[in-house]
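Trainee: Submitted below is the structure of interest, expressed as structure tokens.
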Amino acid sequence: MTLIRPRWSSHLFLTVFSLIMIYPVIWWVGASLKPLDEMRLPAIWPSAPMWSNYSEGWNFSAQYSFTHFFANTLLMEIGNVFGGVVTAALVAYGFARVNFKLRGMWFAILLLTMMLPTQVTIIPQYILYNSIGLVDSYVPLVLPHFFGGGAFFVFLIVQFIRGIPRDLDEAATIDGSSVYGIFLRIVFPLIKPALVTVAIFTFVWSWDDFFAQILYLSSVEKFTVALALRMFIDQFEIQWGQLLAMSLLSVLPSVVLFFLAQKHFVEGIATTGLKG
Amino acid sequence: MAYKERNLAGYLFISPWLLGFLLLTLWPIAQSFYLSFTDYSMLADPVWTGMDNYRKIFSGDDVFQKSLTVTFTFVLVSVPLKLFFSLMVAMLLAKNLRGMNFYRTMIYFPSLIGGSIAVSVLWRNMFGADGYINGILAWFGIEGTGWISNPDTSLGTLILLGTWQFGSTMVIFLAGLKQIPQELYEASAVDGAGRIRKFFHITLPMLSPVMFFNLVLGIINSFQMFTAAFIITKGGPVQSTYMYAMFLYEKAFKHFQMGYASALAWILLVIVAALTALNFLASRYWVFYETEGGRDR
């Protein structure tokens, strides 16, 4: 009996706690179908679901519908994820397996940049992009991902590669493979779980990177979903039902991706761990 | 492989990062340092003004003081709260129970979407005067307020939003907890240690490197808080949520005082660097690193 009781209470506690955590999200789903005068009610389901929140919200702007904004954002994401995954893998392999001069110093610098507040570099970066006429384009948003995808991701993959036995490399060297061959044929296929993790994080974080988007995109034609939502919220009289419906749709890609890749994702985190 | 060949290969592999570092990090740092001593609006060339920006910031800028106070309050409250909360939850989730994956997903879920502008929109609605939080409070006979439009509660609303997204901190704690050898707990159980003693004498010391990591990055990230303040409260009311990052953004990209904003950026860098250094110094006294041969220090 004494063995069973704590289990039971843990389950009870976890269930209640999970519900509290997730309640705002569930309420959100219901609220996206509510008319304005029912917004205040904590009840989840509206008296009569208002599907027009979705159809009207989708076309809230006279110029462009959300189809346009979603297409913009997805296009940007293709560049970000591709650039981030490929270059982070290359850079991480260099740090993890090739013993070159000053490697330790560069790696220390890489780790230090993780702690650098973005505010310190953002103004000169903006001036730079502005001077070559790239403000109000996707270049400032996509290009940084092609530079190693971010220090955190490089670090994550380095940790992962360090967990791969060196015997494989050595065997391949004896068979006549170069460092490049080892990377392509041995390491790259083995680090897939880590790359999936990087891809998901890159996708979600750049989808949510409101600061960079509001900074660099100014014409509505190029707006991302986040900027479209911001335009929505700035309207004179906020149509909350429509706004919440569109907000909900805007997180859907991240959520779907997360659940599709969850198995890989967990594997990536678990094996990477935080070994030190 | 020959030495030269190896160097070439190494630098080729890291070249994307190296190029980005030089172009988009190192050079901008140097340039923003220079700009912080100038008056620059992007329309004309920067004009050297010496220490003027810094003098103005420290002697006469009330908004600077206000936003710094707000940001420090935010960091001081939200970082410990989030650490405490995520550690407690991680310990719960580290148990081997049936259906644990389900609980983990539910609890992690808000953090997956939490940084998005969409969640800020949701928060603005929930905590508005006509939001459902007030609806729930009404059941208990409590009359709510406009949580966002009231300067006394607006910052608290943002802190709550930050705490709701403790997921990534928690995942790191969870990974750390799994690496504590079970033998330690078994040995201490033989010695008759209770749960509280086990927590303070095993869990906490073994987890201290992870705690340190979360603390350092938590502080750095909280200092840069932007989206939620920008969307939910717009820095108001009466600047009660006017975060430093927002102040800097408006100085630079609304008023185009690039020199002044660069000085603000450098002050932020110095504050963050000082706090991080302090953390590293203090870590000698409470962070334990286990090595192969036993305790390192």
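From first to last, the protein sequence lines stand for chains A and B.
The opening residue of the first sequence carries number 306 in this note's numbering; numbering runs sequentially from there.
The opening residue of the second sequence carries number 19 in this note's numbering; numbering runs sequentially from there.
Where is the CB? At the ideal position from N, CA and C, for every residue including glycine.
Just so you know, these numbers come straight off a predicted model, no measurement behind them.
#1: Considering only the alpha carbon of each residue, which of A:V556, A:V561, A:F493 lies closest to A401 of chain A?
#2: List the residues of chain B that V560 of chain A touches, going by C-beta distances under 9 Å, in chain order.
#3: Would DSSP call Q87 of chain B helix, strand or coil?
#4: What does a CB cutoff of less than 7 Å around I496 of chain A pick up in its chain, not counting 5 residues either side in sequence?
#5: Which chain A residues are close to V290 of chain B, counting only those with a beta carbon under 8 Å from its beta carbon?
#6: Give the residues of chain A in contact with V139 of chain B, contact being defined as C-beta atoms less than 8 Å apart.
#7: Under 9 Å, Cβ to Cβ, is there at least one residue of chain A near W284 of chain B?
#8: With 9 Å as the C-beta to C-beta threshold (strictly closer), list the residues of the stretch 94-119 of chain B near chain E in chain order.
#9: Answer with yes or no whether the minimum CB distance from D513 of chain A to chain B is below 9 Å.
#10: Expressed to the nearest angstrom, what Euclidean distance is found between the alpha-carbon atoms of L416 of chain A and A517 of chain A?
#11: Report, in whole angstroms, the separation of the C-beta atoms of K196 of chain B and S206 of chain B, which I expect to be a contact under 8 Å.
#12: Taking DSSP as the reference, what is the three-state secondary structure of V484 of chain A?
#13: Residues in the same chain with beta-carbon distance under 6 Å from L407 of chain A, minus the five sequence neighbours each way, listed in chain order, please.
#14: With respect to the alpha helix (DSSP H) encompassing R142 of chain B, which residues constitute its N-terminal and C-terminal limits?
#15: Rounded to whole angstroms, what is the Cα-Cα separation between F528 of chain A and N377 of chain A?
#16: Is the shortest distance between the beta-carbon of V501 of chain A and the beta-carbons of chain B less than 9 Å?
#17: Short of 7 Å in beta carbon distance, which residues of its chain neighbour G335 of chain A, apart from the five on each side in sequence? Order them along the chain.
#18: Distance check for M224 of chain B and V305 of chain B, CA to CA, integer angstroms please.
#19: Between A:F564, A:P329, A:S559, A:F537, which lies nearest to E361 of chain A when the distance is taken from Cα to Cα?
#20: Going along chain A in order, which residues have a C-beta closer than 9 Å to the C-beta of P255 of chain B?
#21: Less than 9 Å between the beta carbons of T187 of chain B and I237 of chain B, yes or no?
#22: Could you tell me which residues DSSP puts in a beta bridge with D57 of chain B?
#23: So that I know if they touch, is there some Cβ in chain A lying closer than 9 Å to that of V234 of chain B?
#24: Within the continuous alpha helix (DSSP H) that includes P449 of chain A, where are the two ends?
#25: Check P255 of chain B in the structure and name its three-state DSSP category.
#26: How should V208 of chain B be labelled, buried or exposed, when 16 other C-beta atoms within 10 angstroms of its C-beta is the threshold for buried?
#27: Can you pull the chain B residues whose beta carbon is under 8 Å from the beta carbon of Q430 of chain A, in chain order?
#28: Which residues in the same chain have their Cβ closer than 6 Å to the Cβ of V391 of chain A, if we skip the five residues on either side of it in sequence?
#29: So, with DSSP's three-state summary, where would you put S442 of chain A?
#30: Please state the DSSP three-state secondary structure of A336 of chain A.
#31: Closest to I198 of chain B by CA distance: which of B:M109, B:S85, B:V65 is it?
Mentor: Taking the definition as stated:
#1: A:F493
#2: F127, L130, I131
#3: First, the amino acid is wrong: residue 87 of chain B is Thr here, not Gln. Correct three-state label for T87 of chain B: helix.
#4: A394, I462, F465, I466
#5: M420, P422
#6: L534, I538, L548, L549, S552
#7: yes
#8: Included in the structure are the protein chains A and B, with no chain E among them.
#9: yes
#10: 22 Å
#11: Incorrect: roughly 18 Å between the Cβ atoms, too far for contact.
#12: helix
#13: none
#14: 135-144
#15: 7 Å
#16: no
#17: I349, W350, P351
#18: 9 Å
#19: A:F537
#20: Here the premise fails: no neighbours, minimum Cβ distance about 17 Å.
#21: no
#22: B:V65
#23: yes
#24: Looking at the DSSP string, P449 of chain A is not in any alpha helix (DSSP H), and its letter there is neither H nor E.
#25: coil
#26: exposed
#27: L42, P46
#28: none
#29: coil
#30: helix
#31: B:M109
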